[in-house]
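The structure under discussion appears below in the form of structure tokens.
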Amino acid sequence: PCGPDLRYEPEYDQLRELRREDDTSLPTGVWQSSIKRALWPDLERLATTLLLERSKDLMISAWLGEAWLHMAGLEGLPGSLALVAGLCERYPEQLHPQAEDGDQSWRVIPLEWLARRYSEVLLTRVPLFDGREQAFAAFSLDD
1 PCGPDLRYEP EYDQLRELRR EDDTSLPTGV WQSSIKRALW PDLERLATTL
51 LLERSKDLMI SAWLGEAWLH MAGLEGLPGS LALVAGLCER YPEQLHPQAE
101 DGDQSWRVIP LEWLARRYSE VLLTRVPLFD GREQAFAAFS LDD
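Residues 1 to 143, numbered by full-length UniProt numbering, are exactly what the sequence shown covers, in order.
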């Protein structure tokens with residue numbers, strides 16, 4: 001019921017590329033080039049399609065949740081966590097990534113990544129106040 005493992009498929013690499021972005025805090029030196037930005041709406045579309053039509057995968061769902069955090073801020077968090085929890089509850093044995101040789105760490109890796117990455121996004125990228133509070137609009141938990 002969970003479809004094939006997509007880790008070695010081109011769509012998986014495409015998701016990685018859609019979420020990749022350059023660190024703007026690093027100096028570029030003499031190598032001036034345009035800064036690569038993540039394409040969160042495109043990632044949302046592809047990840048949603050893959051989860052609905054091809055495979056139930058924890059890492060893909062975590063990346064989709066990351067896109068929701070970037071696009072909707074704190075309002076994206078409940079849906080992100082509900083998606084992952086729902087997949088774990090509904091497909092506890094079939095969900096990808098599968099345990100290899102009884103090693104359940106393959107299941108834990110996406111969840112550890114999710115906890116670390118979502119915390120980072122919430123701390124550094126999500127404003128504490130909406131745009132109506134102009135004096136505070138740019139503050140995040142990292143400030």
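All C-beta atoms, glycine included, are put in the ideal place defined by N, C-alpha and C. Just so you know, these numbers come straight off a predicted model, no measurement behind them.
CB-CB length for residue i against residue j, believed under 8 Å
i	j	result
R19	A38	5 Å
Y91	K56	5 Å
L81	C2	No, L81 and C2 are not in contact; Cβ-Cβ is about 20 Å, not under 8 Å.
Residue i classed as buried or exposed, judged by whether at least 16 other C-beta atoms fall within 10 angstroms
i	result
G102	exposed
P110	buried
E44	buried
L52	exposed
G86	exposed
Residue i beta carbon near the ligand MG (any heavy atom closer than 8 Å)
i	result
A85	As for the ligand MG, it is missing from this structure, which has no ligand bound.
Own chain, CB closer than 7 Å to residue i, minus 5 neighbours either side, in chain order
i	result
V121	E66, L69, H70
V84	L58, S61, A62, G65, L114
G73	V126, P127
L50	L6, E11, I60
W40	A67, H70, M71
6 Å Cβ shell around residue i - same chain, five flanking residues per side excluded
i	result
W106	P97, A99, E100
R54	G3
Spatial neighbours of residue i in its chain, beta-carbon cut-off 8 Å, leaving aside the 5 residues before and after
i	result
L46	E11, Q14, L15, L18
C88	L58, L95
Are at least three pairs of beta-carbons, each pair with one atom in the stretch 13 to 23 and one in the stretch 114 to 121, less than 8 Å apart? Flag = no, the stretch 13 to 23 and the stretch 114 to 121 do not touch.
Scan the stretch 37 to 76 and note each continuous alpha helix (DSSP H) run of 4 residues or more that stays entirely inside, going in chain order. Complete alpha helix (DSSP H) runs here, min 4: 40 to 53, 58 to 72.
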